[in-house]
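Okay, so the sequence shown: first residue is 50 according to the numbering used here, each after it adds one. Just so you know, even glycine gets a beta-carbon here, dropped at the ideal spot from N, CA and C. Below: the structure, in structure tokens.
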Amino acid sequence: GVTLKEALRTQKRSRRDRQRQKEQDEKPFRLRVVSPPPAQLLEGTFSFPPRTHNGDKVEVNGRRYVVSKVQFQYSFRGGRYRLDEKVLEVQQQKRYETNERLKTLLDESDEDDT
50 GVTLKEALRT QKRSRRDRQR QKEQDEKPFR LRVVSPPPAQ LLEGTFSFPP RTHNGDKVEV
110 NGRRYVVSKV QFQYSFRGGR YRLDEKVLEV QQQKRYETNE RLKTLLDESD EDDT
């Protein structure tokens with residue numbers, strides 16, 4: 050069976066894991082616009098749902114963007130890795146849609162060539 054000491058250790062570890070997840074979820078995102086012109090980091094941090102991922106649409110300062118990449122940046126401090134920053138790489142929605150149309154046209158022309 051499980052000893053009391055083992056059960057308390059498991060409970061403590063579980064509580065610590067929940068706390069770390071909460072800290073990670075509550076950390077705001079930075080936004081980097083990657084569609085031409087080259088990357089620019091928008092000033093400030095922004096709160097989005099913690100599970101924001103590729104393909105999601107977000108709106109900032111009245112402009113619509115599509116998430117193309119999510120980055121989590123960690124540093125090793127105090128014997129463990131700690132989350133420093135969350136960055137969303139985004140494209141303006143119109144640019145994203147144009148790129149998708151072009152990709153479709155390229156795929157169609159590749160099929161015609163075979």
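- SER63 and GLU55 have their C-alpha atoms some 12 Å from each other.
- By the Cβ-count criterion, GLN60 is exposed, with fewer than 16 other Cβ atoms from all chains shown falling within 10 Å of its own Cβ.
- Cβ-Cβ distances below 7 Å link GLU134 to ARG79, GLN122 in the same chain, with the five nearest sequence neighbours on each side left out; the list follows chain order.
- Partner residues in the beta bridge of TYR130, as assigned by DSSP, are PHE125.
- Two segments are said to touch when three or more pairs of C-beta atoms, one from each, lie closer than 8 Å; by this definition the stretch 94 to 106 touches the stretch 68 to 85.
- Cβ atoms of VAL116 and GLY127 stay farther apart than 8 Å, at about 31 Å.
- By the C-beta density criterion, SER84 is buried, having at least 16 other C-beta atoms within 10 angstroms.
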